[in-house]
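Reviewing the structure listed below.
In my numbering, the protein residues as written are -19 to 264.
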């Protein structure tokens, strides 16, 4: 399996990118999902330095699996050129880091309260951006996430079908799709044809989901109570991982951790996933 770590897990840590690469290589990660803020900071270095860094990573079996950033899909019509310009900039950033995946959110409003005009604008923007993405050899990846138009299974399918572009794909976050009422395995099967990446994280209880609110996640002093290991939370990841193993022997999944001690947590979680995979191989 191809497991990645998310550089956003180190948003409050004093850690160099070289340290992340060394850790990923040493522990057996296949990739690093690069947060856009980190990608832009690294791209300020001369291009030959970035290229040399990527060469060293790839020689050790680690690649940039995806760049994760944000585009305002709900901006007013007179801001269309600015939106497309940002899209082009992010597609170029993805190319710089040799990945064909750019993750964004489908706006910043829940699907159940979005007006028909908001839906229409979002679909149009996605079509325009997806066309630019295709011209750059990049996939525009929508994450299933609360307070976006891809917050539920039905709304995600609606968005995909209305935008109807071959370069629009899905980053299926199992916790968030469960949070909004869908069975993770059912959602997996329904979105399988579009999904190009998976996010893995867990929570101790539904009453703790507020820990993932953006204002809390990005705050250095935010509440981390409720964050827990994949094997210990309310979502049973065993059947999910088994299904992924059966269907996608080379799928890409990122372990997403927003709590303290990310090095310790990520090492533990990758070890659990690999052990689970080896146990299944022995039992077959």
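We put the CB at the ideal spot given by N, CA and C, even for glycine.
Inset, instruction - Answer yes or no: do residue 42 and residue 82 have a C-beta to C-beta separation smaller than 7 Å? - result: no
Inset, instruction - Find out if the Cβ-Cβ distance for the pair residue 174, residue 133 is shorter than 7 Å. - result: Residue 133 sits away from residue 174, with the two beta carbons spaced by 7 Å or more.
Inset, instruction - Report the partner residues of residue -15 according to the DSSP bridge assignment. - result: Under DSSP, the beta-bridge partners assigned to residue -15 are 12 and 235.
Inset, instruction - Count the other C-beta atoms from every protein chain shown that fall within 10 angstroms of the C-beta of residue 67, then say buried if there are 16 or more, exposed otherwise. - result: buried
Inset, instruction - Say yes only if the C-beta of residue 113 is nearer than 6 Å to one or more non-hydrogen atoms of the ligand GTP, and no if none qualify. - result: Summarising the ligand content, the structure contains no ligands, and the ligand GTP is consequently not present.
Legend entry - For residue 153, three-class secondary structure by DSSP: strand
Inset, instruction - Sort 120, 170, 117 and 45 by Cα distance to residue 138 and report the nearest one. - result: 170
Legend entry - Close Cβ partners of residue 78 (< 8 Å) along its chain, the five nearest in sequence each way excluded: Excluding five sequence positions before and after residue 78, the CB atoms of its chain that fall closer than 8 Å to its own CB belong to 34, 38, 43 and 44, given in chain order.
Legend entry - Where residue 125 falls: helix, strand or coil (DSSP): coil
Inset, instruction - Using 10 angstroms around the beta-carbon of residue -13, count the other beta-carbons present and answer buried if the total reaches 16, otherwise exposed. - result: Classification for residue -13: buried.
Inset, instruction - Note the first and the last residue of the continuous beta strand (DSSP E) segment covering residue 220. - result: Premise fails: residue 220 lies in the alpha helix (DSSP H), 217 to 227, not in any beta strand (DSSP E).
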